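Asker: Would you mind keeping the following structure in view while I ask a few things?
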Amino acid sequence: MSKLKELIDRIVEFGTNEKIESENKTLEIKRLLVGIYTEYLKVETEFDETDYEEPLRLDYDGIRSIVTEHFPDFGWYHSAWESHKINEDADLVTEDSIDDLTDIIKDLIEVQWRLENNSEKDGLYQFEFLMKHHSEQHLVNLLKYLKDKDE
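Shown next as structure tokens:
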């Protein structure tokens, strides 16, 4: 659990701390995202039946602005719709790497809040839920974008 918390805390800084220190932000975020993905694939959760207060709404635009400052060379990219199917005329969709990272951070801020204010059980459950239904796709897309960008 402490490894997951460390990863979450550091990734969240890339969307909340304008003065983050890092020797190589792109390499660091890649390593952090791989770490988060590893933790997601290992996590086992159960639903917390307690009726907790919901976290506050997050400022997407504010987070996005900070992410953009840290990664000014991140941009738009294409991916294939239904890439798991072999189609001769595959539909291309335009994706946004800044949005990918912003959404990941936004989800992890919610997990961080739940871990700190609700319970470990609630935080882990929400981590697994948000990854499965939202952040996992952003994370995989972003890692592929960064790999392709480096070639």
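275 is the number that the numbering used here gives to position 87 of the sequence shown; each next residue is one higher, with no gaps. Just so you know, even glycine gets a beta-carbon here, dropped at the ideal spot from N, CA and C. It should be emphasised that the depicted structure is a prediction, and the values quoted were computed from it without experimental measurement.
Where THR204 and ASP279 are concerned, what is the direct C-alpha to C-alpha distance, given to the nearest angstrom?
Answerer: 35 Å
Asker: Starting from THR214, trace the alpha helix (DSSP H) in both directions and tell me its first and last residue.
Answerer: 213-230
Asker: With DSSP run on the structure shown, which of helix, strand or coil describes ASP291?
Answerer: helix
Asker: Does the Cβ-Cβ distance between TYR265 and LYS337 come in under 9 Å?
Answerer: yes
Asker: May I have the straight-line CA-CA distance separating GLU234 from MET319, to the nearest angstrom?
Answerer: One C-alpha to the other measures close to 15 Å.
Asker: Per the contact definition of three or more C-beta pairs closer than 8 Å, is the segment 284-300 in contact with the segment 197-212?
Answerer: yes
Asker: Measuring only the C-alpha atoms, how far is LEU327 from ARG219?
Answerer: 12 Å
Asker: At the level of alpha carbons, what is the spacing between ASN329 and ASP287?
Answerer: The alpha-carbon atoms of ASN329 and ASP287 are separated by roughly 11 Å.
Asker: Helix, strand or coil, according to DSSP, for TYR333 in the structure here?
Answerer: Note: TYR333 maps to helix in three-state DSSP.
Asker: Find out if the Cβ-Cβ distance for the pair VAL255, ILE293 is shorter than 9 Å.
Answerer: yes
Asker: Closest by CA to ASP291, which one among VAL281, GLY250, GLU339?
Answerer: GLY250
Asker: Rounded to whole angstroms, what is the Cα-Cα separation between SER190 and THR282?
Answerer: 36 Å
Asker: Using only CA atoms, which one of GLU257, ARG245, PHE315 lies nearest to ILE208?
Answerer: GLU257
Asker: Helix, strand or coil for PHE262, going by three-state DSSP, please let me know.
Answerer: coil
Asker: Among residues of its own chain, excluding the 5 on either side of LYS213, which ones have a beta-carbon nearer than 6 Å to its beta-carbon?
Answerer: HIS258
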